[in-house]
Amino acid sequence: MLFNSEQQAEDKLIILYVLKKIKTSLTREQVALVIIENLQISYFDIQLYVDDLIKDEFLSTLEYDGKSVLSLTPMGKETLKVFHDKIPVYIMDMIDLYLKENRDKIFKEVKVTANYQKKGESDYIVELKLHENNVVLMEISLSAPTLKLALDICNRWKENTQELYTSVLKVLT
Numbered sequence: 496m497l498f499n500s501e502q503q504a505e506d507k508l509i510i511l512y513v514l515k516k517i518k519t520s521l522t523r524e525q526v527a528l529v530i531i532e533n534l535q536i537s538y539f540d541i542q543l544y545v546d547d548l549i550k551d552e553f554l555s556t557l558e559y560d561g562k563s564v565l566s567l568t569p570m571g572k573e574t575l576k577v578f579h580d581k582i583p584v585y586i587m588d589m590i591d592l593y594l595k596e597n598r599d600k601i602f603k604e605v606k607v608t609a610n611y612q613k614k615g616e617s618d619y620i621v622e623l624k625l626h627e628n629n630v631v632l633m634e635i636s637l638s639a640p641t642l643k644l645a646l647d648i649c650n651r652w653k654e655n656t657q658e659l660y661t662s663v664l665k666v667l668t
């Protein structure tokens, strides 16, 4: 099979561009979501390109909140700066618009966390967090007397994060 190296280079630049425009780290799945919803690049090709970009040190991987996320390296930033004009303007415009309109959709999974751990014989500590752009907006830690209650609190936090965040801010301000 003959590969179009010019197209591969453009696709890799698009991956770098997505990470630059979003201004934060993303998981592989989040990068793939942005690209697949806008361009005709397969999920598997995206994953191969990401592997290449990591191997060639244009991207690095970091562990964040128990997940592996991708981040631009200084070399990745410089490469994108030099070859920025190799990405068609209509593709950059399409990605910019998509990121603007779908930011919440992209980050929904990453910004809400709910965990619990057993403390003592029948006591659980529940930790709830709301993140945006790697900044913790809210962090709540509370005690639950049963496992069922700890699980219920975690589920309700995930289902109603925005409403709960807004309510807490109203009460406190």
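Our numbering puts the sequence shown at residues 496 to 668.
In this text, a Cβ means the ideal position worked out from N, Cα and C, and glycines have one as well.
Top-ranked residue by Cα proximity to residue i, from the options
i: N655; options: L625, L644, K643; result: L625
i: F578; options: A504, R598, S662; result: A504
i: T519; options: I541, S555, D540; result: S555
i: N650; options: P640, N610, S500; result: N610
i: V564; options: S617, D618, T661, I517; result: I517
i: K614; options: T661, D580, L659, A645; result: A645
Nearest-angstrom Cβ-Cβ length linking residue i and residue j, presumed shorter than 8 Å
i: T568; j: E552; result: 6 Å
i: K550; j: K515; result: Not a contact, Cβ separation roughly 20 Å.
i: I601; j: V529; result: 7 Å
i: L557; j: I510; result: Contact flag wrong, Cβ pair sits at about 16 Å.
i: E622; j: S636; result: 5 Å
i: N499; j: I590; result: Their Cβ separation, rounded to whole angstroms, is 21 Å, which puts N499 and I590 out of contact at 8 Å.
i: L642; j: Y619; result: 6 Å
Cβ neighbour criterion (16 or more within 10 Å) applied to residue i
i: K507; result: buried
i: T608; result: buried
i: L667; result: exposed
i: Q502; result: exposed
i: R598; result: exposed
i: Y512; result: buried
i: V663; result: exposed
i: V545; result: buried
i: L632; result: exposed
i: V526; result: buried
i: I531; result: exposed
DSSP state of residue i mapped onto helix, strand, coil
i: S662; result: helix
i: I536; result: coil
i: T556; result: strand
i: I582; result: coil
i: V605; result: Because the pLDDT at V605 is just 48, under 50, the model does not fix this residue reliably, and the value given afterwards should be weighed accordingly. V605 falls in the helix class under three-state DSSP.
i: E505; result: helix
i: E717; result: Nothing can be reported for residue 717: it is not among the residues displayed for the chain, which extend from 496 to 668.
i: S636; result: strand
Those residues which DSSP pairs with residue i across a bridge
i: N610; result: E622
i: L521; result: L565
i: L545; result: Note on residue identity: the sequence assigns Val, not Leu, to residue 545. Looking at the DSSP assignment, V545 forms no beta bridge with any residue, so it has no partner.
i: V529; result: None; V529 has no bridge partner.
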